[in-house]
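Colleague: Each residue of the first sequence is one higher than the one before, starting from 1 at the first, in full-length UniProt numbering.
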Amino acid sequence: MLQQTTVTAVIPYFERFLDAFPDVTALARAPQDRVMALWAGLGYYARARNLHACARVVAENGGRFPDTVAGLLELPGIGAYTAAAIAAIAFGRPVVPVDGNVERVTARLFAMTDPLPGSRKAIARQAMTLNADRQAIARPSDFAQALFDLGAGICTPRAPACVLCPWRGACAGNRQGIAASLPRRAPRVARPVRHGVHFCMVDAAGGILLVRRPEKGLLGGMMGLPGPHWRDAPWPQAEALDHAPTAPRLRVNWRRVGQVKHVFTHFTLLVDVYAARISTFPNSLVGTEGVIHDMDRDDVALPSLMRKCVELARDSNIFD
DNA sequence: TATTCGTGGTA
DNA sequence: TTACCAAGAAT
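1) Please state the DSSP three-state secondary structure of THR268.
2) Go through its chain and collect everything with a Cβ distance to PHE14's Cβ below 7 Å, but skip five positions before and after it.
3) Leaving out the 5 sequence neighbours to the left and right, which residues in its chain are closer than 8 Å to GLN32 when beta-carbon positions are compared?
4) Do you know how far the Cα of GLY206 is from the Cα of LEU164?
5) Mind reading off the beta-carbon distance from VAL96 to LEU130? Whole number of angstroms is fine, and I expect it under 8 Å.
6) Contact check, VAL193 vs PHE267 under 8 Å by CB: the rounded distance?
7) In its own chain, which residues sit with a C-beta less than 6 Å from the C-beta of GLN126, not counting the 5 before and 5 after it?
8) Short check: CB of TYR274 to CB of ARG256, under 8 Å?
9) What residue from ALA146, ALA186 and PRO140 has the CA that sits closest to TRP167's CA?
10) Which partner residues of LYS261 appear in the DSSP bridge assignment?
11) Would you call the segment 231-243 in contact with the segment 301-312, where contact means no fewer than 3 C-beta pairs closer than 8 Å?
12) Are the segment 288-299 and the segment 203-218 in contact at 8 Å, needing three or more beta carbon pairs?
13) ARG29 to VAL189, Cα distance in whole Å?
14) Would you tell me roughly how many angstroms separate the C-alpha atoms of ALA276 and ALA247, rounded to the nearest one?
15) For the segment 83-94 against the segment 60-72, do three or more pairs of beta-carbon atoms, one drawn from each stretch, fall closer than 8 Å, so that the two count as touching?
16) Which partner residues does CYS200 have in the DSSP bridge list?
17) Please list the terminal residues of the continuous alpha helix (DSSP H) segment that includes GLY173.
18) Within 10 angstroms of its Cβ, does ASN317 collect 16 or more other Cβ (buried), or is it exposed?
19) Quick check on VAL105: does DSSP put it in helix, strand or coil?
20) Using only the alpha-carbon positions, how far apart do LEU219 and ILE278 sit?
21) So what does HIS195 bridge to, in DSSP terms?
22) Rounded to whole angstroms, what is the Cα-Cα separation between ARG108 and GLY151?
23) Between which two residues does the beta strand (DSSP E) carrying VAL211 extend?
24) Please determine, among ARG120, VAL58, PHE281 and MET223, the residue with the shortest C-alpha to C-alpha distance to LEU182.
25) What beta strand (DSSP E) runs, 3 residues minimum, are completely inside the segment 130-168?
26) At which residue ranges does the segment 287-318 contain complete beta strand (DSSP E) runs of 3 or more residues, listed in the order of the chain?
27) Determine the contact status of TYR45 and MET36, defining contact as a CB-CB distance below 8 Å.
28) With C-beta atoms as the reference, is VAL197 less than 8 Å away from HIS243?
29) Determine the closest residue to TRP230 out of GLN259, GLY118, LEU269 and MET295, with distance taken between C-alpha atoms.
So, in structure tokens, the structure goes:
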């Protein structure tokens, strides 16, 4: 959960996850949709699929995790960082997990000025040597946690508190007066804008028509409002309505209720939201798709983007 | 090696 | 507002 995600954002998800799946075998035997529903809103949904797959592998092997970096790397969703973190924290192996915090501390400590992401391997190599110390080797878990906390609390991305840093005297970045500017990054490309359309169909009971998204790709395995693919060009209303969900002898009066802006990692999405009320869902629509009656239910795998679209439709009084 | 993957908080 | 960033992994 903590991969690329803040502790603050993770905590409530972590609590609910452990309530639902007290141990790895419970997670292994859970249906995937239940896992995705409890992950909904946290993002990077491949992590949920990988975690579930990982639990199944571990359960197959008697419910015991590998206790070496090499063994952990074999598991789905566990890469170099997570393997080292588990090995050090759970099994006391003398390795240094290199996350964004450790990367930043290392780049500053050794005044490494080559920009990320090209310098990533060199920084990681340097970081591996940080525990070349008798006390560090003796307590791999504490040393890893201490590095995280140094990066999160003292050696922060902006305005680092160098005067409070226990490593100030050894820090080449501080000595050269460039610590706060490290690690340097290659300039990032501008985020393009893409356009989508989604349809919020509501029945008399307040049910909303949902479809399951493909397993792979963006929001993979999650539920969503129906609509055509996202593309670079905007969708004129007439063209958008060609993609509205429909059924034989079903007359639907669509109304554009507004636009949702949603920022993904590598593009910004503008979604035109259309809403309509019908009396009851035809079987041809409900049969292969899903309907929810309460958006606040925690058993629906609805990502934040789709939640925002439904909220917009709700604000348009389509549910009244 | 470079892309693709979410979301929310903060300056 | 925009831009950046967070206990990265898979392809």
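Ideal placement from N, C-alpha and C gives every residue a C-beta, glycine not left out.
Modeller: Quick look at the numbers:
1) Here THR268 sits in strand by DSSP.
2) Contacts found: MET1.
3) So the qualifying residues of the chain are ARG49, HIS52 and GLY221.
4) 56 Å
5) That pair is a contact at about 5 Å.
6) 7 Å
7) THR106 and PHE110
8) yes
9) ALA146
10) DSSP lists LEU270 as partners of LYS261.
11) no
12) Because the criterion of three Cβ pairs below 8 Å is met, the segment 288-299 and the segment 203-218 touch.
13) 42 Å
14) 14 Å
15) yes
16) ALA275
17) First-last of the alpha helix (DSSP H) with GLY173: 172-175.
18) exposed
19) Helix.
20) 27 Å
21) ARG231 and LEU270
22) Distance between the alpha carbons of ARG108 and GLY151: 11 Å.
23) 208-212
24) ARG120
25) none
26) 290-292
27) yes
28) yes
29) It is LEU269 whose Cα lies nearest to the Cα of TRP230.
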